[in-house]
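Read through the structure below, which is laid out as structure tokens, and then see the notes.
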Amino acid sequence: MNPRQNVLDRTTTAYRQQLYPWCIVQHLPNMQNHIVTRFRRRNDADDHLRVLRQLAPRVQYAIVFEPPKSKPLPSPVSSDI
Numbered sequence: 400m401n402p403r404q405n406v407l408d409r410t411t412t413a414y415r416q417q418l419y420p421w422c423i424v425q426h427l428p429n430m431q432n433h434i435v436t437r438f439r440r441r442n443d444a445d446d447h448l449r450v451l452r453q454l455a456p457r458v459q460y461a462i463v464f465e466p467p468k469s470k471p472l473p474s475p476v477s478s479d480i
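If you read the sequence shown in the numbering used here, its first letter stands for residue 400, the second for the next number, and so on.
This is the structure we're talking about:
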């Protein structure tokens, strides 16, 4: 894969995660989770979860809010005045 495309893909994914912070996760064995899908609004996630539970009642799902990761603050610049 082209290194430039790889960076673009990671940037696009990070931006998409910021736009769609509500996630439906599937609980897996050994304390693992799998993000099934993402939503902008909580009520959209609730509606989708209702359908998933009807289609697969034995599978455990949950809705989680994944806040955007904040960028680290720049280090203060010391000025010798």
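Where a beta carbon is used, it is the ideal one built from N, C-alpha and C, also for glycine.
For residue i, does the three-state DSSP call read helix, strand or coil?
| i | result |
| --- | --- |
| E437 | Glu is not the amino acid found at residue 437; the sequence shown has Arg there. Strand at R437. |
| N429 | coil |
| A461 | strand |
Looking at residue j and residue i, is the spacing between their C-beta atoms short of 8 Å?
| i | j | result |
| --- | --- | --- |
| V458 | Q425 | yes |
| Y460 | F438 | no |
| R449 | W421 | no |
| D445 | I462 | yes |
Any idea if residue i is buried or exposed, counting beta-carbon neighbours within 10 angstroms, 16 or more meaning buried?
| i | result |
| --- | --- |
| Q455 | The sequence given here has Ala at residue 455, not Gln. It counts as exposed. |
| I434 | exposed |
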